[in-house]
Structures are given as structure tokens and as C-alpha cells.
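Report on the following structure.
Protein chains: 2
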Amino acid sequence: MKINNVCILGAGTLGTRIALQAALSGFQVAVYDINAEAFMASKKVMAKILRSLSLTDEIIEKIKFTTDPAEAVGDADIISESVTEELPLKRQVWAQFSALAPAKTIFTTNTSYLLPSMLVDSVDRPALFCAFHFHDVFYSKVVDIMPHPGTSEEVVTLLEDFGRALKQVPVIVRKENPGYVFNYMLMAVIGAAGKLRTKEIASIEDIDKSWMVNFHMPMGPFGILDSIGLDTAWHVTHNLEDAGSQAFAALLKTYIDAGKLGEKTGEGFYTYPAPAYKDPDFLI
Amino acid sequence: MKINNVCILGAGTLGTRIALQAALSGFQVAVYDINAEAFMASKKVMAKILRSLSLTDEIIEKIKFTTDPAEAVGDADIISESVTEELPLKRQVWAQFSALAPAKTIFTTNTSYLLPSMLVDSVDRPALFCAFHFHDVFYSKVVDIMPHPGTSEEVVTLLEDFGRALKQVPVIVRKENPGYVFNYMLMAVIGAAGKLRTKEIASIEDIDKSWMVNFHMPMGPFGILDSIGLDTAWHVTHNLEDAGSQAFAALLKTYIDAGKLGEKTGEGFYTYPAPAYKDPDFLI
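Structure representation (C-alpha cells):
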């Protein structure tokens, strides 16, 4: 089977970026969203990304944006779903598109925290269903391929090739695992950083300095938390039962309750748009 | 108090690098080792580092190398101890130098895994004793300052300034913690990577790819393990009691038993000098 037609469900941050990369990679792309206003924002983001890549806007004209589910799915070879991260909503969307899509269409979910087996009984083709998870498409070019136990091996292979066609490095997650591969390791770092802070072993700044200087990276765990969003990190952390994670979740909660969710609210562990860790004098 | 005279105990990898950086930073430096042959190797390493920094060899002539403990310590303002990582040996060395050093001399240990409180009763000046831990001095320029409960606050401040004088970023570890700050977080990443592998969730290569691409880093956790040495990682991991760490320690042991300790033996998770992760085709 060859993939030509790609249908993206959800015109949010990731749906927009996947759609644009697919179009740039030569695929026919349709973007579906329940809300037509989302398309304006999506096109603006696409234009901005294209400018950053020194490319013209023309490619956007080749992408079909529609609120009509049947028109969106058309003769799609693959659907990539990036709707809001809520289990009942995703299940409803998959039931809807199971009824609309041709039998050949491969179904993929870009979920970050759910597992494909939580969604599989709402799709009519379990063997063609798989998690296919992007990071940010243009900077962190990894796509995680996480089958559920009933996904066919051919679909995994096909998604590897499709991931490469989208200029991503495919990473296969052989067994369902929360957070895939990178996010699982990242959460381990963040959990360790959280324990160093809640046990008052080191300051936020010293923890970040230590990571930045040793790994020659532009930010440390607390800077990364600010960019992820403290609310997102809290959702993951407060579900972990060990005492260390609970203490860290409690710390995150004090920031969240004060409206400090990170970069998106202008303040988290650092203040934005000029956080201390970007100051050349931070690393002394 | 002003630091002028620096005494380095142990002419191994770290002792050599600390001595060279101290000399380059304008301090008077004496290097002590029980074995005079170590000095030849130490000077060769210094010459190599100086070439890589486009500097001449002259500075090496200014460093005193001696197997005489009293001559080494002389009028030292500070001792930096980097002898073999064995508790009885370090205790013996500290007892010996407690008897030799002037009352003013600050005592620091570069231990990686021991805590200063494990050594403190072999020194005659607990308030002047502190862990002062370097990473590799020239590439990862962090120095961890980890006091034991009896270290004076003035010594901590003085070590911060001395660390900066050695062109390191000081990181203060307020309470004793195994692995300081960076190594504690690094071991969390490595532990998570180990679990992904032992649970057969992902391959070694995919785990490393995921880290490398997301963080734009030249190697992933298994590449890092090869550079640390699998034996060193095993020493840390097999002391952790959770089932995941035990499974990972068992995996490391199969490599160690096969003589695969990492880069230093030519093979670990990858083979050297041309490991797969350095191949441009690795990230596809």
C-alpha cells in the first residue's frame, strides 16, 4: 500500500504542524476541525513556520481545510488524529470516522498520554490502528510508533516509512508505555530534579546550571518545565504514587494555584520573556 | 583568606586536570602521588590538553610533582584529593595529611560516590572539610560543592570563589546526596533508559535516537553509559533495591562478564572507535 492522501483531525498545534510537514513532503492533505475559526489560526502558524524555513506560503493553498468530516476523510490512506487530549472525545471522534472512512484507511492517534488500547474498541479496524506520536515536527523530529497488541506488523512498517517521508526519525515502542520513549526519560529527569528541590538539596537555579553546563544545553529541567507547562507536568506527576512525586506535585500545585503555569502565563519557575537562564551571566 | 598554594593528591585523570586548570588560573600547584610513574602519564595528558587548547607546554614546568607528602603539602592553602575511590584508602590519606598540613589548609575531596561525612572522622579539621567535585574540568565545567553537616559556611563561600577562579560553574549541594546534582539526574535518565530496554519496550538504538534527536545531543543514554563505563554504572545501579534497577544491573552484568565495559575496552552497547551512533545514517 502506498500513502498519498492524508487526513488530519484537529487543527491545533500538532495537527497544524503535521499537516504542513505532510504537504511539504508531497502528500495530499485535508485538515478537519469542528471549529472553522481554528483554520485561520492554523494558517497563520503555517505561514510563520514557512517564513522561519525561508519558504513561500504557496503550499498552504494546497491544503484542504474543512469542517465536513466526510469531505475531510475522502479517499484518505491515513488519518492522523490530534484532537483534544480527552478520552471520551477521542473515542467519539474515532467512532465517527470509523463509519466514514474507506476500509483501507490507516488510523493513527497523536495522543501524548493515553494508550492506543484505551481507544481501540471505538475503532472498527483494530489491526490498522496505532499511536503515531509527533514531538514538534520541525525542531524535535522524532515520531513514536506505539502499536497496541492487535496492531498489524505491516502497519508498523508502513508507519516507519511514512514517518521517514515526513522527515522524522521513527522510534518504535514495542509495548505500550506511558510517555513513549523520550517523554518517559524526560519525566525521570524532571522527577529527579523535583526531588533535589523538594528535599532542599539544591536550588532551582543550581539544578538547571548543572544540567546546562554538563550537557551544553540551553535550559535545564526547570526551564523545560516552564516550556512544557507546570499544569501538564502536574497531571503526570500527581498520578505517580511515590512520596517523592507527591511532594513534587504539591510544589507544582503551589505555582499553579498562583497562576504561574510557565512560559505561557509569563511566569513559572522563571519569568518571561527574559528568563534568568538566558542571561549570559547565569552560568558563572 | 586567599588561596595561592594548591596541593593535589593523586595524579590520575581528575587530579591531572584539576592541577592543570589551577596552574593555568595562576595558582601555585603541587601534585602528590605515591607512584612516580603516574607523573609521566599525567604530564602527557596535560600536554595533550594544552595542545587542544592551542597553548604551549611551559605551564607544566611550573607544577611541582612529588612523591614526598610533606613537600607536596608545603604551605598549601587548599588540598584537592582525587585518590582511588576506596573508602579505607581515602581515610588513610586524610589521616596522613591531617598530620602534615598547616592548620589553615582547607581539605576537599573530589569523591564521586562517597559522602564527606563518611570521611570526616579521619580529618583533624571537620569545619574545613568539604566535597569539591569536578566533572572533567575542561569540557563539563561544573564543580559541585557538597558540605557535610559540620562544614563551615565560610568554607562553602570560599570554595564557590575558588571554583569560579578555576573557570567552573559552582553548584551547591546543600545536603549530602549521592551523585551530587547532575549525576543524580543522569542516573535517573539512565535508569529510565535501562527499564525501557529490560522491559523490551524499545531497542537500545531507538532509545538513544529518541534522546539525541529531541535534545540535539551527540549521544543517548547507552552511548553515555559506554563512555562512563558499564562497570561504574553497575556499581551504582546494583546498590538500588527496586526491581527495575536490579533488572538493569543484571543486564549490565552480562556485558561486564563478557568483557564489554564500554569505550575503554572497545565494546559496550556499541563498538569503538566507530560506534553506530556516530554514523550520519544512524538518525534516519
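Just so you know, the protein sequences line up as chains H and Y, in that order. Its first residue numbered 173, the first sequence is counted upward by one per residue in the working numbering. Its first residue numbered 173, the second sequence is counted upward by one per residue in the working numbering. Note that CB positions come from ideal geometry on N, CA and C, so glycine has one too. Since we're looking at a predicted model, the values are computed, not measured.
Beta-ladder partner(s) of residue i, from DSSP
{"i": "H307(Y)", "result": "Partner(s): none; H307(Y) has no beta bridge."}
{"i": "N177(H)", "result": "Q200(H)"}
{"i": "F269(Y)", "result": "Paired residue(s): none; F269(Y) is not in a bridge."}
{"i": "F301(H)", "result": "F279(H)"}
{"i": "T443(H)", "result": "E439(H)"}
{"i": "A236(H)", "result": "As written in the sequence, residue 236(H) is Lys, which differs from the Ala given in the question. DSSP, once it has assigned bridges, lists A202(H) as partnering K236(H)."}
{"i": "S252(Y)", "result": "I180(Y), T280(Y)"}
{"i": "G351(H)", "result": "Bridge partners of G351(H): none, in fact."}
{"i": "G434(Y)", "result": "E439(Y)"}
Listed by chain order, chain Y residues near residue i by CB distance under 9 Å
{"i": "E226(H)", "result": "Reading the sequence as shown, one finds Ser at residue 226(H) and not Glu. Within 9 Å Cβ-Cβ: nothing; S226(H) doesn't reach chain Y, min ~20 Å."}
Neighbour list for residue i in chain Y, Cβ cutoff strictly below 7 Å
{"i": "E372(H)", "result": "R346, K347"}
{"i": "I379(H)", "result": "V353"}
{"i": "M218(H)", "result": "Those within 7 Å of M218(H) in chain Y number zero; the least Cβ separation is about 23 Å."}
Contacts that residue i makes with chain H (C-beta to C-beta distance below 8 Å)
{"i": "D451(Y)", "result": "Residues of chain H passing the Cβ test: none, with the nearest at roughly 13 Å."}
{"i": "L455(Y)", "result": "V341"}
Listed by chain order, chain H residues near residue i by CB distance under 9 Å
{"i": "P393(Y)", "result": "M357"}
{"i": "L368(Y)", "result": "V345, N349, V353, Y356, M357"}
{"i": "R336(Y)", "result": "I456"}
{"i": "M389(Y)", "result": "F387, H388, M389"}
Where residue i meets chain H, residues with beta-carbon distance less than 7 Å
{"i": "N386(Y)", "result": "H307, S312, V314, F354"}
{"i": "S382(Y)", "result": "V314, V343, V353, F354"}
{"i": "A360(Y)", "result": "A360, V361, G363, A364"}
Classification of residue i by the beta-carbon crowding that lies within 10 angstroms, buried from 16 upward
{"i": "N282(Y)", "result": "buried"}
{"i": "T443(Y)", "result": "exposed"}
{"i": "M173(H)", "result": "exposed"}
{"i": "M212(Y)", "result": "exposed"}
{"i": "K216(Y)", "result": "exposed"}
{"i": "I206(H)", "result": "exposed"}
{"i": "S399(H)", "result": "exposed"}
{"i": "Q264(H)", "result": "exposed"}
{"i": "G431(H)", "result": "exposed"}
{"i": "D249(H)", "result": "buried"}
{"i": "A422(H)", "result": "exposed"}
{"i": "K381(Y)", "result": "buried"}
{"i": "G438(Y)", "result": "exposed"}
{"i": "S214(Y)", "result": "buried"}
{"i": "S417(Y)", "result": "buried"}
{"i": "N411(Y)", "result": "exposed"}
{"i": "S284(Y)", "result": "buried"}
{"i": "A210(H)", "result": "buried"}
{"i": "T280(H)", "result": "buried"}
{"i": "A365(Y)", "result": "buried"}
Presumed contact (8 Å Cβ cut-off) between residue i and residue j, rounded CB distance
{"i": "F310(H)", "j": "I221(H)", "result": "6 Å"}
{"i": "I251(H)", "j": "C179(H)", "result": "5 Å"}
{"i": "V201(Y)", "j": "A183(Y)", "result": "No, V201(Y) and A183(Y) are not in contact; Cβ-Cβ is about 11 Å, not under 8 Å."}
{"i": "L338(Y)", "j": "S254(Y)", "result": "With a Cβ gap of about 14 Å, L338(Y) and S254(Y) do not count as contacting."}
{"i": "M359(H)", "j": "V315(H)", "result": "So it is not a contact: roughly 19 Å between Cβ atoms."}
{"i": "L181(Y)", "j": "V353(H)", "result": "Between V353(H) and L181(Y) the Cβ distance is about 43 Å, and since that is not below 8 Å, they are no contact."}
{"i": "M391(H)", "j": "Y449(H)", "result": "6 Å"}
{"i": "Q268(Y)", "j": "P241(Y)", "result": "6 Å"}
{"i": "I376(Y)", "j": "F394(Y)", "result": "5 Å"}
{"i": "F334(H)", "j": "I175(H)", "result": "5 Å"}
{"i": "I317(Y)", "j": "V292(Y)", "result": "With 8 Å as the limit, I317(Y) and V292(Y) do not qualify as a contact, their Cβ atoms being about 15 Å apart."}
{"i": "L287(Y)", "j": "L259(Y)", "result": "At roughly 10 Å, the Cβ-Cβ gap does not stay under 8 Å, so L287(Y) and L259(Y) are not in contact."}
{"i": "A275(Y)", "j": "T239(Y)", "result": "Going by Cβ atoms, the distance from A275(Y) to T239(Y) rounds to 24 Å, so no, they are not a contact pair."}
{"i": "D296(Y)", "j": "S324(Y)", "result": "Not really, about 15 Å apart at Cβ, beyond 8 Å."}
Boundaries of the beta strand (DSSP E) in which residue i is found, first to last residue
{"i": "M384(H)", "result": "Note, M384(H): premise wrong, no beta strand (DSSP E); alpha helix (DSSP H) at 376 to 387."}
{"i": "I278(Y)", "result": "278 to 281"}
{"i": "P342(H)", "result": "341 to 344"}
Neighbour list for residue i in chain Y, Cβ cutoff strictly below 8 Å
{"i": "M290(H)", "result": "Those within 8 Å of M290(H) in chain Y number zero; the least Cβ separation is about 17 Å."}
Element boundaries [alpha helix (DSSP H), containing residue i]
{"i": "I139(Y)", "result": "Any question about residue 139(Y) goes unanswered here, given that chain Y covers just 173 to 456."}
{"i": "Y427(H)", "result": "415 to 429"}
{"i": "L402(H)", "result": "402 to 409"}
{"i": "P288(H)", "result": "288 to 291"}
{"i": "T329(Y)", "result": "325 to 337"}
{"i": "E209(H)", "result": "209 to 224"}
{"i": "E243(H)", "result": "241 to 245"}
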